[in-house]
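In my numbering, the protein residues as written are 7 to 170.
Backbone N, C-alpha and C fix where the C-beta goes; we use that ideal spot for every residue, glycine too.
What you are looking at is a predicted structure, and each value in this text was computed from that prediction instead of being measured.
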Amino acid sequence: MDYKFTYYKTPIGTAKIEGDENGIVSITVLDETLNSIADQNIFDIPECLQECIHQLDEYFNGSRKEFSLKLNPIGTDFQKSVWKELLNIPFGKRKTYMEQTKKLGDPKAIRAVASANGKNPIWIVIPCHRVVGSDGSLTGYAGGIWRKKWLLEHESDFKQQSLF
């Protein structure tokens, strides 16, 4: 399927957003900068992606805590059930992989659930960054642990104060 796409600069990397009138299919963080992405007219944002850009702007500037986008992630039924459960984790809260697995009904499926989290195609909006290890450790994040840490701090009620 030919999806529309655009790039979006975030404080923690460039995101590629793909989708169509049926919803957002993917938001992925790239290691490249906008300057290194050749031959892309980033100012020509397809109409079907404009609301996503708007809501991401609000999220990053701190005025949005919930997304209200039409989502259309591509995955297996099991993966979709895991991603749907991720949507129930509130802004600023964390859940462990085991808590997520139990919520889905099969505590033995923790590896499968963690694997599905890692295949989440819609970065930030489906908040897999809010899932942590049983001991609270920041484990398993496809975008890099430093991004997971940044996102969790961004969503924290206790913002770090500058020392200067």
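Beta bridge counterpart(s) of residue i as assigned by DSSP
i: residue 30; result: 25 and 77
i: residue 15; result: 20
i: residue 10; result: 25
i: residue 138; result: 102
Coarse secondary structure for residue i, derived from DSSP in three states
i: residue 57; result: helix
i: residue 128; result: strand
i: residue 102; result: strand
i: residue 36; result: strand
i: residue 115; result: helix
i: residue 147; result: coil
i: residue 67; result: coil
Boundaries (first-last residue) of the alpha helix (DSSP H) holding residue i
i: residue 97; result: Note, residue 97: premise wrong, no alpha helix (DSSP H); not H, not E.
i: residue 159; result: 151 to 160
CB-CB length for residue i against residue j, believed under 8 Å
i: residue 36; j: residue 22; result: 6 Å
i: residue 31; j: residue 94; result: Their Cβ separation, rounded to whole angstroms, is 21 Å, which puts residue 31 and residue 94 out of contact at 8 Å.
i: residue 66; j: residue 17; result: 6 Å
i: residue 20; j: residue 13; result: 6 Å
i: residue 102; j: residue 139; result: 7 Å
i: residue 29; j: residue 55; result: Contact doesn't hold; Cβ gap of about 10 Å is too wide.
Proximity test, residue i beta-carbon vs the ligand FMN heavy atom, cut-off 7 Å
i: residue 143; result: The ligand FMN is not part of the structure shown, which contains no ligands of any sort.
### Message
Check whether the stretch 71 to 82 and the stretch 106 to 117 are in contact - that is, three or more C-beta pairs closer than 8 Å.
### Response
no
### Message
Can you confirm whether the stretch 78 to 97 touches the stretch 118 to 135 when touching is taken to mean that 3 or more C-beta pairs between the two stretches lie within less than 8 Å?
### Response
yes
### Query
Are there three or more Cβ pairs, one per stretch, closer than 8 Å when the stretch 109 to 120 is compared with the stretch 147 to 159?
no
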